[in-house]
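Student: Residue numbers (this note's numbering), protein chains in the order written: chain A, 1 to 144; chain B, 1 to 144.
For every residue, glycine included, the Cβ atom is placed at its ideal position computed from N, Cα and C.
To start, I am sharing the structure in question, which I have written as structure tokens.
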DNA sequence: CTTTTAAATGATACTAACTATCATTAAACT
DNA sequence: AGTTTAATGATAGTTAGTATCATTTAAAAG
């Protein structure tokens, strides 16, 4: 038995707990996200689910981001990508060659933020950190 | 005599050194950026410089980003912002209330990246970090 | 200085990633 | 089953850019 990284039922249950209606479309979006390995775009999902309107896809992704069930991040040029969340308080590595997105968890990032509390005027309410990489697969490929 | 944080002549000289032509439009975009305090959008610049075409504004901003003379960053919702660079290897704090953007320099961030070298599969080629805050001015204002 | 030439510009149209509107549909509570 | 109100989808609009290409102009050459 393998682990269930992001269970559809978790996501659906979380939406339900938030007082939202569980519609067929929302189930389909959640299921489509689970089928994706790394990152994906909103248009990926919209193209895959022809029976679900584009507006609904965007609305559902926004709900999932707000519920911390998925993350919205950006490539170096600003192109938005989404990624299913597996662990809390993580950050992302993004391969600039193949677009693969991985989560990583590093407590030192949290330590940096605490040290910034002394350095930054004002109250820290959030942060974003992305590390851009050339992943092992791309480095090992013939085009190296 | 006050310091010249980002001198127009620096930016123009850098573009010139890169073998680019120094046009009136590029001078105007650089001058407009210098007049801005914190962050700004491409449309801010385009609206301010009616004599310069929108496409040229976007093209020039891209050149300046590539030359590390300005940074492109994003608000929590992904809205892109630009900010003139004053120091190297810095990161940004963005006030989620008033949009003020400040640079900060923290060597611990660089230390985190070095520690990630051991944790992340692949080669780190870049990173982005933004800290979202409520700035002192907004915290101190009546609406607190 | 004038000529040359290739880079830069601006107008226009286009794309990507959303967001607003609003009539219609359907969860889910009773 | 009936009611209510959230959710949907079609459409149009917005924001942030990019592509095309005829025209202009910086700057190198003569």
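From the beta carbon of residue 81 (chain B), is the nearest beta carbon of chain A less than 7 Å away?
Tutor: Residue mapping note: residue 81 (chain B) aligns to position 81 of the second chain, counting from 1. Answer no: the Cβ-Cβ gap between residue 81 (chain B) and chain A never drops below 7 Å.
Student: Spatial neighbours of residue 39 (chain B) within its chain, please: CB distance less than 6 Å, with the 5 preceding and 5 following residues excluded, ordered by chain position.
Tutor: For the purposes of this step, residue 39 (chain B) is taken as the residue at position 39 of the second chain. Closer than 6 Å at the Cβ level, and outside the excluded window around residue 39 (chain B), lie 81, 83, 101.
Student: Whose Cβ in chain A lies nearer than 8 Å to the Cβ of residue 45 (chain B)?
Tutor: One-based indexing of the second chain puts residue 45 (chain B) at position 45. Result: empty, since nearest Cβ-Cβ is about 17 Å, beyond 8 Å.
Student: Check the C-beta distance from residue 135 (chain A) over to residue 121 (chain B) and give it rounded, since I have them as a contact under 8 Å.
Tutor: Within the first chain, the letter at position 135 stands for residue 135 (chain A). Within the second chain, the letter at position 121 stands for residue 121 (chain B). Going by Cβ atoms, the distance from residue 135 (chain A) to residue 121 (chain B) rounds to 6 Å, so yes, they are a contact pair.
Student: If distances are taken between C-alpha atoms only, which option among B:53, B:87, B:110, B:49 comes closest to residue 128 (chain B)?
Tutor: On the second chain, position 128 is the one that residue 128 (chain B) refers to. That would be B:110, whose Cα lies nearest to the Cα of residue 128 (chain B).
Student: In whole angstroms, what is the alpha-carbon distance linking residue 48 (chain B) and residue 113 (chain B)?
Tutor: For the purposes of this step, residue 48 (chain B) is taken as residue 48 along the second chain, with counting starting at 1. For the purposes of this step, residue 113 (chain B) is taken as residue 113 along the second chain, with counting starting at 1. Distance between the alpha carbons of residue 48 (chain B) and residue 113 (chain B): 39 Å.
Student: Does DSSP put residue 137 (chain A) in a helix, in a strand, or in coil?
Tutor: Counting from 1 along the first chain, the entry for residue 137 (chain A) is found at position 137. DSSP places residue 137 (chain A) in helix when its eight states are reduced to three.
Student: Using a Cβ cut-off of 7 Å (strictly closer), state whether residue 91 (chain B) contacts chain A.
Tutor: Walking along the second chain from the start, residue 91 (chain B) turns up at place 91. False, the Cβ-Cβ gap to chain A never drops below 7 Å.
Student: Quick one: any contact between the region 54-62 of chain B and the region 11-30 of chain B, if contact means 3 or more CB pairs under 8 Å?
Tutor: yes
Student: Out of B:106, B:42, B:143, B:93, state which residue places its alpha-carbon closest to the alpha-carbon of residue 126 (chain A).
Tutor: Sequence index remark: in the first chain, residue 126 (chain A) carries index 126 (1-based). When only C-alpha atoms are compared, the closest one is B:93.
Student: Work out the CA separation of residue 99 (chain A) and residue 141 (chain A) for me, nearest whole Å.
Tutor: In the first chain, counting from the first residue as 1, residue 141 (chain A) sits at position 141. In the first chain, counting from the first residue as 1, residue 99 (chain A) sits at position 99. For residue 141 (chain A) and residue 99 (chain A), the distance between alpha carbons rounds to 15 Å.
Student: Which residues in chain A have a C-beta closer than 9 Å to the C-beta of residue 108 (chain B)? List them in chain order.
Tutor: Your numbering for residue 108 (chain B) matches position 108 in the second chain. In chain order: 108, 111, 112, 115, 116.
Student: Look at the alpha carbon of residue 19 (chain A) and the alpha carbon of residue 70 (chain A), and state the distance between them as a whole number of angstroms.
Tutor: Translated into the one-based positions of the first chain, residue 19 (chain A) becomes position 19. Translated into the one-based positions of the first chain, residue 70 (chain A) becomes position 70. Their backbone Cα atoms lie some 18 Å apart in a straight line.
Student: Could you check what DSSP says for residue 38 (chain A) in three-state terms: helix, strand or coil?
Tutor: Here residue 38 (chain A) refers to the residue found at position 38 when the first chain is read from its first residue. Correct three-state label for residue 38 (chain A): coil.
Student: Applying a beta-carbon distance threshold of less than 7 Å, which residues of chain B neighbour residue 121 (chain A)?
Tutor: Position 121 of the first chain, counting from 1, holds the residue named residue 121 (chain A). Correct list: 135, 136.
Student: In whole angstroms, what is the alpha-carbon distance linking residue 62 (chain B) and residue 45 (chain B)?
Tutor: As a working note, residue 62 (chain B) is residue 62 in the second chain. As a working note, residue 45 (chain B) is residue 45 in the second chain. Taking the straight line joining both Cα atoms gives about 13 Å.
Student: Going straight from the alpha carbon of residue 37 (chain B) to that of residue 103 (chain B), what length do you get?
Tutor: Counted from its first residue, the second chain places residue 37 (chain B) at position 37. Counted from its first residue, the second chain places residue 103 (chain B) at position 103. Taking the straight line joining both Cα atoms gives about 12 Å.
Student: For residue 93 (chain A), name the three-state secondary structure that DSSP assigns.
Tutor: For the purposes of this step, residue 93 (chain A) is taken as residue 93 along the first chain, with counting starting at 1. Of the three classes helix, strand and coil, the one that applies to residue 93 (chain A) here is strand, per DSSP.
Student: Using DSSP with H/G/I as helix, E/B as strand and the rest coil, what is residue 131 (chain B)?
Tutor: To locate residue 131 (chain B), count along the second chain from 1; it is residue 131. It is a strand residue.
Student: At which residues does the alpha helix (DSSP H) containing residue 50 (chain B) begin and terminate?
Tutor: The sequence position of residue 50 (chain B) within the second chain is 50, counting from 1. No alpha helix (DSSP H) contains residue 50 (chain B), which DSSP labels as neither H nor E.
Student: Where does residue 131 (chain B) land, buried or exposed, given buried means 16+ other C-beta within 10 angstroms?
Tutor: Residue numbering aside, residue 131 (chain B) sits at position 131 when the second chain is read from its first letter. Residue environment for residue 131 (chain B): buried (at least 16 other C-beta atoms within 10 angstroms of its C-beta).
Student: Output needed in chain order: residues of the region 52-79 of chain B with a Cβ under 7 Å from some Cβ in chain A.
Tutor: 72, 74, 76, 78
Student: Find the residues of chain A that neighbour residue 101 (chain B), judging by a C-beta separation of less than 9 Å, and give them in chain order.
Tutor: Locating residue 101 (chain B) in the second chain gives position 101, counting from the first residue. Contact note: residue 101 (chain B) does not reach chain A at a C-beta cutoff of 9 Å; the least C-beta distance is about 12 Å.
Student: Nearest to residue 118 (chain B) by alpha carbon, out of A:34, A:133, A:11, A:118?
Tutor: Numbered from its first residue, the second chain carries residue 118 (chain B) at position 118. The shortest Cα separation from residue 118 (chain B) among A:34, A:133, A:11, A:118 belongs to A:133.
Student: Quick check on this structure: which residue in A:34, A:64, A:106, A:21 has the alpha carbon closest to the alpha carbon of residue 90 (chain A)?
Tutor: As a working note, residue 90 (chain A) is residue 90 in the first chain. Residue 90 (chain A) has its Cα closest to that of A:106, out of A:34, A:64, A:106, A:21.
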